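Peer 1:
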Amino acid sequence: MSQDHKNVGRMSKKSSVRPAIEVDCSAWDSEAVPAGANTGRFVMVSSVRPELEVDCSGGTATPIVSLELIVSPDPTADPVRLALGLLDLLSAVNQLDRALGGTGLSKTAGIQAEGALTLTLAPDDPAGAEARVRHICDLLNRPMKEAEFHLPAVVKTIAARVA
Numbered sequence: 000m001s002q003d004h005k006n007v008g009r010m011s012k013k014s015s016v017r018p019a020i021e022v023d024c025s026a027w028d029s030e031a032v033p034a035g036a037n038t039g040r041f042v043m044v045s046s047v048r049p050e051l052e053v054d055c056s057g058g059t060a061t062p063i064v065s066l067e068l069i070v071s072p073d074p075t076a077d078p079v080r081l082a083l084g085l086l087d088l089l090s091a092v093n094q095l096d097r098a099l100g101g102t103g104l105s106k107t108a109g110i111q112a113e114g115a116l117t118l119t120l121a122p123d124d125p126a127g128a129e130a131r132v133r134h135i136c137d138l139l140n141r142p143m144k145e146a147e148f149h150l151p152a153v154v155k156t157i158a159a160r161v162a
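Counting along the sequence shown from 1, when you hit position 130 you're at 129 in numbering that gives the first Met the number 0, and nothing is skipped either side.
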């Protein structure tokens with residue numbers, strides 16, 4: 000076998016490098032390309048947007064408090080009864096907020112973990128919301144014998160806190 004055939008085979012690859020080409024673009028002017036010309040598939044047209052003023056001064060306002068409910072449902076309850084029981088619970092908590100001068104609560108988050116359901120409710124009306132939410136927490140965290148709030152049958156326990 001000769002030296003010339005030593006590297007030729009299935010696994011070797013021949014390199015094909017083309018010589019450099021010199022292009023003189025000094026004679027091109029910007030008006031050479033017509034206005035409606037296609038810019039090509041890889042050329043992106045850049046557009047400069049007008050200045051936009053952003054006011055962040057309101058970002059330092061105190062955040063609205065929210066009510067966090069940790070509900071332990073009865074694991075033996077069927078799904079329809081559980082859904083109706085949770086709906087009754089949320090309706091009762093909403094009525095408490097309205098009775099205290101608010102306009103109701105809206106669910107902002109909900110998570111289920113380890114058999115417990117955590118619901119986060121935010122007051123629709125921020126005026127006086129902190130006092131109302133704290134009062135609702137106090138009512139819900141009282142022992143159920145002395146509380147004026149009664150849980151639906153499918154809810155075993157409830158804990159409330161200000162978030």
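We put the beta carbon where it would ideally sit given N, CA and C, even for glycine.
The structure presented is a predicted model; accordingly, all values stated were derived computationally and were not measured.
Mind checking Cys55: buried by the 16 CB within 10 Å criterion, or exposed?
Peer 2: Within the sequence shown, numbered from 1, the residue matching residue 55 stands at position 56. Exposed is the call here.
Peer 1: Would you mind stating whether Leu66 and Ile110 have Cβ atoms separated by less than 8 Å?
Peer 2: For the purposes of this step, residue 66 is taken as residue 67 along the sequence shown, with counting starting at 1. For the purposes of this step, residue 110 is taken as residue 111 along the sequence shown, with counting starting at 1. Not closer than 8 Å, so no.
Peer 1: Terminal residues of the continuous alpha helix (DSSP H) containing Val16?
Peer 2: In the sequence shown, the residue the question calls residue 16 occupies position 17. First-last for Val16: undefined, no H or E at that position.
Peer 1: Since Ala158 is in the alpha helix (DSSP H), which residue starts that stretch and which ends it?
Peer 2: Along the sequence shown, one-based indexing puts residue 158 at 159. Run containing Ala158: none in the alpha helix (DSSP H); it sits in the beta strand (DSSP E), Val154 to Val161.
Peer 1: Do you know whose CA, among Pro49, Pro72 and Leu139, lies nearest Leu95's CA?
Peer 2: For the purposes of this step, residue 95 is identified with residue 96 of the sequence shown, where counting begins at 1. Comparing Cα-Cα distances from Leu95 to each of Pro49, Pro72 and Leu139, the minimum goes to Leu139.
Peer 1: Relative to the C-alpha of Ala128, which residue among Gly114, Leu86, Leu104 and Leu116 is closest?
Peer 2: One-based indexing of the sequence shown puts residue 128 at position 129. Among Gly114, Leu86, Leu104 and Leu116, the Cα nearest to that of Ala128 belongs to Leu104.
Peer 1: Determine the direct distance from the alpha carbon of Leu88 to that of Leu150, and round the result to whole angstroms.
Peer 2: Residue 150 sits at position 151 when you count from the first residue of the sequence shown. Residue 88 sits at position 89 when you count from the first residue of the sequence shown. Rounded to the nearest angstrom, the two C-alpha atoms are 7 Å apart.
Peer 1: With a cut-off of 8 Å on the beta carbons, I'd call Gly101 and Arg133 a contact; round off their distance for me.
Peer 2: Translated into the one-based positions of the sequence shown, residue 101 becomes position 102. Translated into the one-based positions of the sequence shown, residue 133 becomes position 134. Not really, about 12 Å apart at Cβ, beyond 8 Å.
Peer 1: Only counting the same chain, and skipping five residues up and downstream in sequence, which positions put a Cβ closer than 6 Å to that of Thr117?
Peer 2: Sequence index remark: in the sequence shown, residue 117 carries index 118 (1-based). Counting only Cβ-Cβ distances below 6 Å, and skipping sequence neighbours, we find Ile69 and Ile110.
Peer 1: I need the DSSP call for Val92, collapsed to helix, strand or coil.
Peer 2: Working through the sequence shown from its first residue, we reach residue 92 at position 93. Of the three classes helix, strand and coil, the one that applies to Val92 here is helix, per DSSP.
Peer 1: How far does the beta strand (DSSP E) with Ala108 in it extend, from its first residue to its last?
Peer 2: Walking along the sequence shown from the start, residue 108 turns up at place 109. Unbroken beta strand (DSSP E) run through Ala108: Leu104 to Ala112.
Peer 1: Report the partner residues of Ile63 according to the DSSP bridge assignment.
Peer 2: As a first step, residue 63 must be located in the sequence shown, where it is residue number 64. BP columns for Ile63 are empty, so no partner.
Peer 1: State the start and end residues of the unbroken alpha helix (DSSP H) segment that holds Ala130.
Peer 2: Translated into positions along the sequence shown, residue 130 becomes position 131. It spans Ala128 to Asn140 - the alpha helix (DSSP H) in which Ala130 sits, taken as one unbroken run.
Peer 1: For my contact list, Lys106 and Leu120 are in at a C-beta cut-off of 8 Å; report their separation, rounded to the angstrom.
Peer 2: For the purposes of this step, residue 106 is taken as residue 107 along the sequence shown, with counting starting at 1. For the purposes of this step, residue 120 is taken as residue 121 along the sequence shown, with counting starting at 1. So it is a contact: roughly 6 Å between Cβ atoms.
Peer 1: Please name the residue in Ile63, Glu52 and Gly114 whose C-alpha comes closest to that of Leu81.
Peer 2: Translated into positions along the sequence shown, residue 81 becomes position 82. For the residues Ile63, Glu52 and Gly114, the minimum Cα distance to Leu81 belongs to Gly114.
Peer 1: Let's test the definition: count the other Cβ atoms within 10 Å of the Cβ of Arg17 and tell me whether it reaches 16, buried, or not, exposed.
Peer 2: Here residue 17 corresponds to residue number 18 of the sequence shown, with the count starting at 1. By the neighbour-count rule (16 or more Cβ atoms within 10 Å), Arg17 is not buried but exposed.
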